[in-house]
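J.: This is the structure, below, for whatever I ask next.
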Amino acid sequence: MRALLLVPTYNESATVHSLIARIEEVRDSIMELIGGELDMLLIDDNSPDGTAHLVEQMGKEWIDVMHRSEKGGLGPAYIAGFKFGLANGYELLVEMDADLSHQPEELMEMTRPIAESSADLTIGTRWMPGGKIVNWPFSRELISRAGTTYARLVLGIKLRDITSGYRVFRSEVLRSINLEKVESKGYGFQIEMALETLRNGFRVKEVPITFVERADGVSKMSKSIVIEALWKVTLWGFQRILNRR
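Following the numbering used here from start to finish, the sequence shown increments by one per residue and tops out at 228.
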């Protein structure tokens, strides 16, 4: 299987070198596990700090850079990456943050269930035995836990960390989803993709991860992202009730 690591960026020059170095340390082991190449696509939203240029200067043959004209949000960036990966025949597509919140060293265990044909989508989960968060204030953890609980109740799903952005998709999962109709941009995007995966009958497995709050750069979290997620979840919840009638 060939795998493509999708990494959206906007002003991530402070962390991108460390990220790539850490990926390189585990790349050979992951390629041995999947029996194919592991490449990376950096999806840059025209970063003013020159993130894309820095990566291009590194000259890594296994890394491509996609230049987007403006900051359009996480969801549209990943959709562009999914389309690129599917068009180029990749069988596994990985979501990973550029700010080192997601540990590259855990990608092996994230990939293993799919390589062993026991899952079609793996989600790195903070809220399960073995999972943890480092350097988050209590208020941030409370908001995340409350949002996850609300989504689980309203949508009737059992996933413990539906907003997590550390994921590995089998390509068949993404081909089953009409990507043109996915409109969510932040946390709502992650919820929507998980929901569609379950609706289409695919197997989802949660894998414990350690989430580390970024030490460099500026967080992309905003009130609009939270509001969008709450609105979308509520809307999907109403649709679920209507569909049961």
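Glycine included, C-beta positions come from ideal geometry on N, C-alpha and C.
Three Cβ pairs or more, each shorter than 8 angstroms: is that satisfied between the stretch 179 to 189 and the stretch 149 to 165?
T.: As far as the Cβ criterion goes, the stretch 179 to 189 touches the stretch 149 to 165, which means the pair count is three or higher.
J.: Cutting at 6 angstroms between CB atoms, please list the residues of its own chain near residue 194, excluding the five before and the five after it.
T.: These residues qualify, in order along the chain: 84, 109 and 116.
J.: Only counting runs of 4 or more residues, tell me where the alpha helix (DSSP H) segments fall wholly within the stretch 83 to 153, in order along the chain.
T.: For the stretch 83 to 153, whole alpha helix (DSSP H) runs of length 4 or above, ordered along the chain, are 90 to 98 and 121 to 138.
J.: Would residue 11 be called buried (16 or more neighbouring beta carbons within 10 Å of its own) or exposed?
T.: So residue 11 ends up on the exposed side.
J.: Decide if residue 59 is buried, meaning its Cβ has at least 16 other Cβ atoms within 10 Å, or exposed.
T.: By the neighbour-count rule (16 or more Cβ atoms within 10 Å), residue 59 is buried.
J.: Would you kindly work out how many angstroms separate the C-alpha atoms of residue 122 and residue 135, rounded to a whole number?
T.: Spanning the two alpha carbons is a distance of roughly 20 angstroms.
J.: Would residue 173 be called buried (16 or more neighbouring beta carbons within 10 Å of its own) or exposed?
T.: The residue is buried, with at least 16 neighbouring Cβ atoms inside 10 Å.
J.: Can you name, in chain order, every residue of its own chain whose Cβ lies under 8 angstroms from the Cβ of residue 22, other than the five neighbours on each side?
T.: For residue 22, where only same-chain residues beyond five positions count, the Cβ hits under 8 angstroms are -15, -14, -13, -12, 45, 46, 47 and 73.
J.: Can you list, in chain order, the residues of its chain with a C-beta nearer than 6 angstroms to that of residue -7? Leave out the 5 residues immediately preceding and following it.
T.: Result list for residue -7: 28, 30 and 54, in chain order.
J.: Less than 7 angstroms between the beta carbons of residue -2 and residue 82, yes or no?
T.: In contact: residue -2 and residue 82 (Cβ atoms closer than 7 angstroms).
J.: Looking at the strands, I want to know which residues DSSP matches up with residue 49.
T.: DSSP output for residue 49 lists 26 as bridge partner(s).
J.: If you check the beta carbons only, do residue 192 and residue 98 fall under 7 angstroms apart?
T.: Not closer than 7 angstroms, so no.
J.: I believe residue 170 touches residue 212 by the beta-carbon criterion, under 8 angstroms. Please report the beta-carbon distance rounded to the nearest angstrom.
T.: So it is a contact: roughly 4 angstroms between Cβ atoms.
J.: Under the rule that 16 or more other beta-carbon atoms within 10 Å means buried, what is residue 124, buried or exposed?
T.: Result: exposed.
J.: Of all the options 140, 56, 133 and 154, which has the alpha carbon lying nearest to the alpha carbon of residue 103?
T.: The candidate whose alpha carbon is nearest that of residue 103 is 154.
J.: Keeping to the same chain, check which residues put their C-beta closer than 7 angstroms to that of residue 196; ignore five residues upstream and five downstream.
T.: Cβ neighbours of residue 196 beyond the five flanking positions: 84, 117, 118 and 119.
J.: Starting from residue 221 and walking both ways along the alpha helix (DSSP H), at which residues does that stretch end?
T.: Element bounds for residue 221: 206 to 226.
J.: Of the residues 69, 146, 131 and 128, which one's Cα is nearest the Cα of residue 106?
T.: Among 69, 146, 131 and 128, the Cα nearest to that of residue 106 is on 146.
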